[in-house]
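**Q** Numbers 7 to 878, taken from the UniProt record's numbering, label the letters of the sequence shown in order.
Yeah, the Cβ is synthetic: ideal placement off N, Cα and C, and Gly gets one too.
Supplied in structure tokens, the structure appears directly below.
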Amino acid sequence: DGHVHLADYVPPAWRIRHADLAFDLDPDATEVHARLSLDPDPDQPGQPLVLDGEELTLLSIAVDGRPLAADRYTYDGATLRIDGLAGACELETRVRIHPAGNTRLEGLYPSGRLLLTQCEAEGFRRITFFTDRPDVMPRWRITLRAARERFPVLLANGNPVARRELDDGRHESTWENPHPTPCYLFALAAGDLDRVTHSVRTAEGREVELNVWAEPGDVARCEYALGAIERSLRWDERRFGRGYDLDVFNVVAAQDFTMGAMENKGLNIFNARYILADEATATDADFLAIESVVAHEYLHNWSGNRVTLRDWFQLSLKEGLTVFRDSEFSADLHSRAIKRIEAVRVLRGRQFAEDSGALAHPVRPDRYREISNFYTLTIYEKGAEVIRLLHTLLGEDVFRAGMDRYFADNDGRAATIEDFLAAHAAASGRDLAQFALWYSQAGTPELSIAEDFDAATGDYTLTVEQHVPPTPGQPLKQPMLVPLRFALYDVAGAAITAAPETDAAINPAGFHGVATNGAIVELVAARHVLRWRGLPGKPLATFNQGFAAPVKIAFAQSPADLARSVRVERDEVYRWDGLQRLAMRAILQHDALAADALEAALDDLLADPAADPAFVAECLALPDFDTLADAMAPVEPDALLDARDALLDRLSRALSAPLLARYDAMADAAAQGLEGPAMAARALRNACLAWLTRHDPAARLAQRQFDAARTMTERGAALRCLLHFGAPGAAAALADFRAQFAHDPLVTDKWIGWVVTRPQASASDDVAALLASEWWKPANPNRVRAVLGNFQRGNPRAFHRADGAGFRLVAARLAALDATNPQVAARLLGGFEGWRRLHPPLRAVARDTLAGLEGQLRSPDCRDLLARLLVD
Ligand code: DPP
Ligand code: ZN
């Protein structure tokens, strides 16, 4: 059935010790000359040499300098096979490829006037014949030759070692990467690039040149990213003791890029949206995303590159770990609570939905048909949560010791998740066998917690039951190891620090009294009972401070107790979460007491001068559609969104005076600058503006902010309000904004995003108009995401139209997109993952829409997803 299975892993029969590649670059015909030093695996003698290669025109082939006769090899368009090789040898191939015809953006392709590469996961086989798997790790020498005028800058992995002029108007640049590196980390970039540069001396004393390259007109907007590289380098030295290991670290920004960015050894290639920024064109959220993606790719140098993957099943070994590392970087540099709240929002809205949808899979899948379909929220975000759980269980010092051991034991190797857990088991002395279920079992664990208080004896009992729901291919689950944080408070709001009596199933080490942020109990069984004896009154219990465990918790608690817990608890993530829960009850259960409690709590928060404005802004952002839908079965989008709108209308009307007061009071603080307080002020002002505009039909406030704004953060938020509330000035403001930034694809993507997310069913007409306009550029992945991705993920009202027009708008573009860029098409197709949870009439429409795609989608990517979406 076309699956690759984890259980079938066999080491490569041939290893590549050294790879020497020479490129004659030309968009229409690039020649690649490869010399590979090959060693047979002594444990697997006599195996044929089988190399991957796609869309390659073979020009010549030789072994140890002697041309290979045509009957000595076969090439079927996917693999090159050579039988009868006796032992270690050098294989030399010359191939021709056609970058200008490469619309998939995998392999070597053009972006504007640049030529660049994207190889992860399996793109290198589109460049030359190679063993395209991550456990083959040669050292590299790369020579680039190209016309000097058209391609004045030539970059590849590693350190630059030579440059020379050739006599025919071309030039040549040679690079060496001395670290064993798999081919998915290969990169080159060529073209008219300009740079910003900065030299640093590492803690180990190495002089490193940091460069950010972009097309000449964009280079002024690269300074922020350059600073973020240095911050990342310093942070990895401090927090993980990891140094940088080459003389140069190059980053290139490209407009056409399917992923966010790519951590190629010494030459990261980025989607321009995660590099280019200044205050006039980028929002605060953009700046923070840039810093975090720069850090993510930089941090991969150790978690991914120095220690790489044995096979693609281990993808989360680098991605989950590196997301954890980049989120700690952001938390250390900025507000830890805000960073965590934002991560939890994504996790709960998107990853939980993935876990409960048709495409659910474990953090380490055990089979796949197309690995590109596994660059998912589960691999990345849930993978990071699993690392965070380990950090919670072990504590910072032991976790760090485990990480040191992991890096030391696996440096230069292609590792597995078992290797990672073995290092932490050794450093901590703990058995991590049950913990490993987090990697193999899909689905979000659900805890239901019941409390009982006996007023006569003062005995208080918490019964915690764990359930992991069935997911595709995994009907039955075992209980997971869940470190559950909790706290008890007495009637005066003081913490009760006495340890509970626990049932025998909790091992004695499974309870940690922790001074701050609650105690931790390690749940290991399907059911646990915790009991306190002789309390003077019924305590108030709070759970999962810091959202330490990525689980769903059902705890039957009155709205009054929930509201009180938000006042008593000091953990900001808990407090935010408590307000989210009140909102969910108000929306999903029409619980009027919950709505009253939420209103009172927000009123207090808006009046609290000590509250971080960024935190207040997070509390004003009610649970999004995905989060709400995950708690509703079956999902009725219109009813859900109507209830959410009604709550927003009520709260914003009731709180209009404090909202306006906060909005006005923070005008100066918000004016400009990238410091934390300025960003926080803008976040809260923009949140207030969106609420106030609900009751401001002329949108005077939003219009005034639009006209006076000096930053994109303020201008963009104002325009979004004008558009989303259909303000009288919306069309003129949009025309003005559009004209000002018509030359800038990234800012154009922004206004398109605001247009297509207008929360009315009729927004689908605006999408249709965009699709028929000059703004629709299907070859550019960012633009496809701006138009269709934002519509699908960010406009639940119009996407879920009862007449199916929203579904069809996306579906109708998939066949054409699939024919040019399968990965981009597959992402959009994956946006239908929740269709089975829709209420019956809409589910039928979704099923028809998906069924209508059968036979139209040709790529392995889309065919795999469609089969998984439709399987019964
Ligand atoms: N470039 C992608 C990332 O860093 C895939 N490795 O996550
Ligand atoms: Zn990554």
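(1) Tell me whether K271 counts as near ligand 2, meaning its Cβ is closer than 8 Å to at least one heavy atom of that ligand.
(2) Run through DSSP, which three-state label would H204 get?
(3) Could you give the distance in angstroms between the alpha-carbon of G8 and the alpha-carbon of R375?
(4) Less than 9 Å separating the beta-carbons of S333 and K324?
(5) Does any heavy atom of ligand 1 sit closer than 8 Å to the C-beta of E297?
(6) Using only the alpha-carbon positions, how far apart do G861 and F813 sit?
(7) Any heavy atom of ligand 2 closer than 8 Å to the beta-carbon of V257?
(8) Would you report the Cα separation of D14 and P478, rounded to the nearest angstrom?
(9) For the structure I just gave you, are there three or more beta carbon pairs, one from the segment 117–129 and one from the segment 251–261, closer than 8 Å?
(10) Quick check: A301 and Y230, are their CB atoms within less than 9 Å of each other?
(11) Please report the straight-line C-alpha distance between P514 and S336, rounded to a whole angstrom.
(12) For P476, which of R72, E213, A364 has the nearest alpha-carbon?
(13) What's the gap between the Cα of E605 and the Cα of F631?
(14) Whose C-alpha, out of A19, H806, H367, R78, is nearest the C-alpha of residue 882?
(15) The alpha helix (DSSP H) spanning S298 covers which residue range?
(16) Taking all protein chains shown into account, do 16 or more other C-beta atoms lie within 10 angstroms of the C-beta of R169, making it buried, or fewer, making it exposed?
(17) Assign A521 to one of two classes, buried (16 or more other C-beta atoms within 10 Å of its C-beta) or exposed (fewer than that).
(18) Less than 8 Å between the CB atoms is what I'm expecting for D496 and G543, so what's the real figure, rounded?
(19) By a C-beta neighbour count over all protein chains shown, 10 Å radius and 16 as the cutoff for buried, is F441 buried or exposed?
(20) Quick check on T763: buried or exposed, where buried means 16 or more other Cβ atoms within 10 Å of its Cβ?
(21) Kindly indicate the opening and closing residues of the alpha helix (DSSP H) around P683.
(22) If contact is defined by three or more beta carbon pairs under 8 Å, each pair taking one atom from either stretch, is the segment 793–810 in contact with the segment 848–861?
(23) Measuring straight from C-alpha to C-alpha, what distance separates A432 and E507?
(24) Which of the three DSSP states is assigned to Y381 in this structure?
(25) Whole angstroms are fine: how far does the CA of S322 sit from the CA of E839?
(26) Should R201 go down as buried or exposed, given a rule of 16 or more other Cβ atoms within 10 Å for buried?
(27) What do you get for P828, buried or exposed, if any count of 16 or more other CB atoms within 10 angstroms of its CB means buried?
(28) Can you look up D74 in the DSSP assignment and give me helix, strand or coil?
(29) With a 10 Å radius around its C-beta and 16 neighbouring C-beta atoms as the bar for buried, classify E126 as buried or exposed.
(30) Taking the alpha-carbon positions, what's the G858 to R874 distance?
(31) Can you give the beta carbon distance from A421 to R316, rounded, assuming they're within the 8 Å contact cut?
(32) For Y304, is the beta carbon positioned less than 8 Å from some heavy atom of ligand 2?
(33) Just to confirm, are L232 and Y250 a CB contact at a threshold of 9 Å?
(34) Go to V56, then tell me how far its beta strand (DSSP E) extends in each direction, as first and last residue.
(35) So, using beta-carbon positions, are P184 and K388 closer together than 9 Å?
**A** This is what the structure gives:
(1) no
(2) strand
(3) 6 Å
(4) no
(5) no
(6) 18 Å
(7) no
(8) 21 Å
(9) yes
(10) no
(11) Below a pLDDT of 50, predicted positions are generally treated as unreliable, and P514, at 49, falls in that range; no measurement from the model is reported.
(12) A364
(13) 20 Å
(14) Residue 882 cannot be examined here, being either before or after the span of the chain that is shown, 7 to 878.
(15) 290–305
(16) exposed
(17) With a pLDDT of only 47 at A521, under 50, the local geometry of the prediction cannot be trusted, and no value is derived from it.
(18) 7 Å
(19) buried
(20) buried
(21) 682–699
(22) yes
(23) 30 Å
(24) coil
(25) 21 Å
(26) buried
(27) buried
(28) Looking at the sequence shown, residue 74 is not Asp but Leu. Coil.
(29) buried
(30) 15 Å
(31) 6 Å
(32) no
(33) no
(34) 55–58
(35) no
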